[in-house]
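Protein chains in written order, with the numbering used here: chain A, 1 to 203; chain B, 204 to 406.
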């Protein structure tokens, strides 16, 4: 009967892992226990995930692909901002209400363990590299592409925070797009003499 | 005779580790070998560094402190850019010509191992948090502080790359300050309709 479920193995392992990490703690949970909870075996686990940490970060690998593809597919005359907005719009398929419920629990688990934070940062850096590479393919200069990737990822991160905090269940892209607009409004702080950090204007 | 050298233990361990990682590879080197090369023992190693990776990242902890202190000590009417420039100026004490030679070898070692990349990203995130916290203490709003920390770290990273590549041995702060100016010039790309990613202007 197990083979009947095999196409869902990855998702079942992710769900089982998150349940066990919340119930017993990340460090106390073994890969064998995750596989057992999912009705699978250890070997199957390692066909899907390289180590115990990886089971929490499958979504990030999906996002890296969605971001890059959307930026490459944006209209030829799209601005940098329009490219990033296209990337955020493309994530809606992955950032579902069901994922939102999981994301909140996942944040709590990751906060307990610095090795998980490290893995999260590695995944975050890979998404940024995917944005950077896609912008470069469009002919964006190297520095603008790096700045676009960093600011895009900051908008994405802030968007995720707002999406998780919001009670209104707006689609994720709206939060990320609003975060990007809010950051854009603050780039003037980098113009020489424009705004003092004590709040006065610098002219 | 060992006690005579004890004040230098940390630096000796760092030097020994880097030598061994370059000679034999990071994964093939043990903490016992590092301690032995430094003329110390394993227990002394673990008084200075929590694990094998940590010996490569002591500089980042120093930088997090230098950045935060310099931003807090900047004049009350300093702009965001002036705060970041003050932070870069403060790093000169840590970014010495001797460190530059080490940095180049360290980059090569870190590139070979994803666990080292993860640790580097964690340290990078901690420096960004230190910048963010120092800007918040100055009364900078939350989003501007996060943007300042990310753009500041990107300028720092690009500055390190240029510092390592340059043959002219200019002091590190000059490279970081120039990188920040270059990024500032590109923030206009985030203004709606200003620059198309195909290089035409968007008006």
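For each residue, glycine too, the CB sits at the ideal point set by N, CA and C.
Nothing here was measured: the structure is a model prediction, and the numbers come from that model.
Backbone secondary structure at residue i - three-state DSSP
i, result
"residue 79(A)", "strand"
"residue 49(A)", "coil"
"residue 95(A)", "coil"
"residue 207(B)", "The predicted position of residue 207(B) is uncertain, since its pLDDT is 47 and thus under 50; no value can be drawn from it."
"residue 104(A)", "helix"
"residue 40(A)", "coil"
"residue 218(B)", "helix"
"residue 271(B)", "helix"
"residue 404(B)", "Per-residue confidence for residue 404(B) stands at a pLDDT of 49, beneath the threshold of 50, marking its modelled position as unreliable; no derived number is given."
"residue 210(A)", "Outside the displayed span of chain A (1 to 203) sits residue 210(A), for which this structure offers no information."
"residue 368(B)", "helix"
"residue 376(B)", "helix"
"residue 233(B)", "coil"
"residue 58(A)", "helix"
"residue 35(A)", "helix"
"residue 276(B)", "helix"
Residue burial classification, residue i (beta-carbon count within 10 angstroms, cutoff 16)
i, result
"residue 173(A)", "buried"
"residue 323(B)", "buried"
"residue 217(B)", "buried"
"residue 391(B)", "exposed"
"residue 114(A)", "exposed"
"residue 105(A)", "exposed"
"residue 145(A)", "buried"
"residue 169(A)", "exposed"
"residue 47(A)", "exposed"
"residue 112(A)", "exposed"
"residue 166(A)", "exposed"
"residue 327(B)", "buried"
"residue 81(A)", "buried"
"residue 155(A)", "buried"
"residue 98(A)", "exposed"
"residue 110(A)", "buried"
"residue 41(A)", "exposed"
"residue 140(A)", "buried"
"residue 91(A)", "buried"
"residue 311(B)", "exposed"
"residue 142(A)", "exposed"
At 4 residues or longer, and completely inside the segment 109-162 of chain A: list those alpha helix (DSSP H) runs for me, N to C. 114-137
The segment 171-187 of chain A: which residues have C-beta closer than 7 Å to a C-beta of chain B, in chain order? Taking 7 Å as the Cβ-Cβ cut-off against chain B, the residues of the segment 171-187 of chain A that qualify are 182, 183, 184, 186 and 187.
Closer than 7 Å between beta carbons: that is the criterion. Which residues of the segment 67-87 of chain A meet it against chain B? 76, 77, 78, 79, 80, 81 and 83
Scan the segment 131-144 of chain A for residues whose Cβ lies nearer than 9 Å to a Cβ of chain B and list them as they occur along the chain. 135, 138, 139, 140, 141, 143 and 144
Closer than 9 Å, Cβ to any Cβ of chain B: which residues of the segment 95-118 of chain A, in chain order? Going along the segment 95-118 of chain A in chain order, one finds 114, 115, 117 and 118 with a Cβ nearer than 9 Å to chain B.
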